[in-house]
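See structure below.
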Amino acid sequence: MDPIKYRDFLPEQTPRGGLFGGVDLAGFDSCVLAMNRWLQEHPVDVLRVETVTLPNIFSQQEEGPGDTELHAGAHTVWYQFVRLWYTAAQG
């Protein structure tokens, strides 16, 4: 059996610019669209598709959705994204 792998499809960040800066995040549908595009280019066997919600994945102190320890404090922002579990395509 081929190893099980996963790939996360996070909302895209767009810099706001201006005096206060910050970023705007694309909607959840953009995560699904990105997954579908990736699947068209990569023939894999899909095991499961999940909606994942984690805090502070874009924080500089965190390592993103692959981080096994995410901190939630006084100012916590939760992010929703798509996680795809798959193996290499058979046949």
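One point on numbering: in numbering that gives the first Met the number 0, the residue at position 12 of the sequence shown is 11, and numbering is uninterrupted.
Where a beta carbon is used, it is the ideal one built from N, C-alpha and C, also for glycine.
As the structure is a computational prediction, the values presented were derived from the model and not from experiment.
Expected contact under 8 Å - CB spacing of residue i and residue j to nearest Å
| i | j | result |
| --- | --- | --- |
| Asp44 | Ala88 | 5 Å |
| Leu83 | Val48 | 6 Å |
Cβ-based neighbour list, residue i, same chain, cut-off 7 Å, excluding 5 preceding and 5 following
| i | result |
| --- | --- |
| Pro42 | Ala88 |
| Tyr85 | Lys4, Val43, Asp44, Val45 and Leu46 |
| Gly17 | none |
| Thr50 | Gln79 and Val81 |
For residue i, three-class secondary structure by DSSP
| i | result |
| --- | --- |
| Val76 | coil |
| Gln39 | helix |
| Leu46 | strand |
| Asp1 | coil |
| Leu97 | No statement about residue 97 is possible, as the shown extent of the chain runs from 0 to 90 and does not include it. |
| Leu53 | strand |
Exposed unless 16 or more other CB atoms sit within 10 angstroms - verdict on residue i
| i | result |
| --- | --- |
| Ala105 | Because residue 105 is not part of the residues shown, which for the chain are 0 to 90, the question remains open. |
| Val81 | buried |
Best match in the options for proximity to residue i [C-alpha to C-alpha]
| i | options | result |
| --- | --- | --- |
| Asp108 | Thr75, Leu38, Ala73 and Val76 | Any question about residue 108 goes unanswered here, given that the chain covers just 0 to 90. |
Close-in-space but distant-in-sequence residues of the same chain around residue i (CB under 8 Å, 5 per side omitted)
| i | result |
| --- | --- |
| Gly20 | Pro14 |
| Gly26 | Pro10 |
6 Å Cβ shell around residue i - same chain, five flanking residues per side excluded
| i | result |
| --- | --- |
| Trp77 | Thr52 and Pro54 |
| Asp1 | Thr86 and Ala87 |
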